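Right, one structure below, let's go through it.
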Amino acid sequence: MIELKGIAWDHPRGYEPLIATSKAFQKNNPNVNITWKVRSLKEFGDTPIEDLIENFDLITIDHPYMGQAHKNGLLLKLEDYIKTEELNALKQQALGKCFDIYNYENHLYATPIDAAALVASYRKDIIDSLELSLPKNQEELKAFYKKLPSGFSVAWALCPTDIWCTFLTLCVQNYGPAFIQNKEINSKVGISVLDDIKFHVEQSHPQSLNWNPIQILDKMGNEDGIIYSPYLFGYTNYSRQNYTKILVYFINSPTGQQKNIATIMGGVGLAVSALTKHPEMASNYVSYVASAEVQEGVFTKNGGQPASKNAWESKDNNTLCHNFFKDTKWTIENAYIRPQHPGWNAFQEQGADIVHEGILKDTNSEVIMNRLNDCYKSVKL
């Protein structure tokens, strides 16, 4: 019997589709048993892979880790175990750059199983009853607050992890990917965005600086106060009947000056530990989960948020999720990909705290940017 151990992240979207695909895979491979443990969403983004590869064969991973994994030989090079025609099929049917982001220095270190980027969430029932139009760009967003009747609010996901993603998103939306060059964030760009975030914090729900997307979506789906959130990672769960009391709908976030750039890419890849004792079988499974048929079917049906173009274009899946896929597909196709060089994750974790603390204490934006770039320069590559 081959025993494979996997580590997922602690949300139904994170573990339920993996449990379901494991059972389906085991039907065709009765000599395999796959078990899953979970870690928090913050641990998913922050925990070094070095801490996982000795205990787990299968690892759900965030794409900015690719450089670190490559440098330190932490993950299996999947092209050595998955047939070329299978890899070509995965690349062809992946949505946007969902396949490419797990490729580093011509080595594939994970298969794309989950696609996400910052999108906007809203309570369609209340928005329609108030006859409000959702903001299409950042200028309309700034004017939107004044249109809300008393008792309704906009919420932002601005806990440290998410304020970082929002900061990078607003930078790239207004100035393009060149806002980061040579291990430095353009100070003028960053200061302008920090000032904008301070404005939005003043206009938004007072708990915004404490919340992640799940906390906001739980509120939106069960209470009536928050009716719009402009930038948070989307979750199809909330657009499915009976997940929360009331449906939450999703749409593309407001755009900035760069009309062809959406928001920051998130999502999940499925990697294999370089220390696994069963590289062939583990690789077979990660290829299986990412395949078009599985992504469109068992993966999505069991609470997953697939990375397959077929799954996003499926009429059945859009009916199941009240057009979540149709209404946010443009975002994934035009998402910004974070740097992936070794050391980025260490900077990202520290940078998130610098930005969050700076906004929380209303620190001068120039001071925040100086701290941020000093931190970036200190990171070892």
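With our numbering, letter number 376 in the sequence shown gets 361, and the count goes up by one each step, no holes. Beta carbons are placed, not taken as given, at the ideal position from N, Cα and C, and that holds for glycine. Keep in mind it's a predicted model, so treat the numbers as computed, not measured.
Please report the distance separating the alpha-carbon of residue i from that of residue j.
i: Leu345; j: Trp149; result: 13 Å
i: Arg108; j: Lys132; result: 15 Å
i: Ser238; j: Thr316; result: 8 Å
i: Asn355; j: Gln77; result: 42 Å
i: Thr96; j: Asp147; result: 24 Å
i: Ala163; j: Val364; result: 20 Å
i: Leu59; j: Tyr87; result: 14 Å
i: Phe41; j: Glu351; result: 43 Å
i: Asp209; j: Asp312; result: 23 Å
i: Lys230; j: Gln243; result: 37 Å
i: Leu155; j: Ile211; result: 22 Å
i: Tyr370; j: Lys62; result: Outside the shown range of the chain (-14 to 366) lies residue 370, about which nothing can therefore be said.
i: Phe309; j: Leu202; result: 14 Å
i: Phe152; j: Asn302; result: 31 Å
i: Glu116; j: Asn245; result: 28 Å
How close, in whole Å, do the beta carbons of residue i and residue j come, if the pair is a contact with beta carbons under 8 Å?
i: Leu119; j: Ile112; result: 7 Å
i: Ser370; j: Glu71; result: Here the chain covers residues -14 to 366 and nothing more, so residue 370 does not appear.
i: Pro(-3); j: Phe284; result: Between Phe284 and Pro(-3) the Cβ distance is about 13 Å, and since that is not below 8 Å, they are no contact.
i: Glu169; j: Tyr361; result: 6 Å
i: Gly206; j: Tyr223; result: 5 Å
i: Ala331; j: Ile46; result: With 8 Å as the limit, Ala331 and Ile46 do not qualify as a contact, their Cβ atoms being about 16 Å apart.
i: Tyr66; j: Pro264; result: 6 Å
If I measure Cβ to Cβ from residue i and keep anything under 6 Å in the same chain, skipping five residues before and after, which residues do I get?
i: Tyr160; result: Val174
i: Ile236; result: Ala105 and Asp312
i: Leu416; result: The question about residue 416 has no answer, for the chain in this structure spans -14 to 366.
i: Lys204; result: Ile211
i: Gln11; result: Val17
i: Ala277; result: Gln78, Ser293 and Asn295
i: Glu64; result: Leu93
i: Asn197; result: Ala142, Cys144 and Asp147
Would a C-beta distance cut-off of 7 Å place residue i and residue j closer than the cut-off?
i: Ala337; j: Pro215; result: no
i: Ala247; j: Ala320; result: yes
i: Pro145; j: His307; result: no
i: Glu281; j: Ser299; result: yes
i: Tyr0; j: Val23; result: yes
i: Trp367; j: Lys314; result: This structure cannot settle anything about residue 367, because the visible part of the chain is limited to -14 through 366.
i: Ala275; j: Leu(-11); result: no
Within its chain, find whatever has a CB closer than 7 Å to the CB of residue i; leave out the 5 residues flanking it on each side and keep chain order.
i: Ala79; result: Pro97, Ala292, Ser293 and Lys294
i: Gly328; result: Val364, Lys365 and Leu366
i: Glu28; result: none
i: Gly288; result: Pro(-3), Arg(-2), Glu1, Pro2 and Asn222
i: Ala5; result: Val283 and Asn287
Under 8 Å Cβ to Cβ from residue i, same chain only, skipping five residues before and after it: list those, please.
i: Asn122; result: Pro239, Thr240 and Gly241
i: Lys183; result: Ile344, Asp347 and Ser350
i: Val178; result: Phe152, Leu155, Cys156 and Asn159
i: Leu37; result: Ile(-8), Ile44 and Ser258
Indicate whether the contact test is met: 3 or more Cβ pairs, each with one atom in the region 243 to 255 and one in the region 100 to 116, closer than 8 Å.
Proximity of the region 243 to 255 to the region 100 to 116 meets the contact definition, three or more beta-carbon pairs being nearer than 8 Å.
Okay, do the region 178 to 198 and the region 136 to 145 touch, 3+ Cβ pairs below 8 Å being the bar?
Between the region 178 to 198 and the region 136 to 145 there are three or more inter-stretch CB-CB distances shorter than 8 Å, so the stretches are counted as touching.
Does the contact criterion of 3 or more C-beta pairs under 8 Å hold for the region 85 to 95 versus the region 41 to 55?
Yes: at least three Cβ pairs fall under 8 Å.
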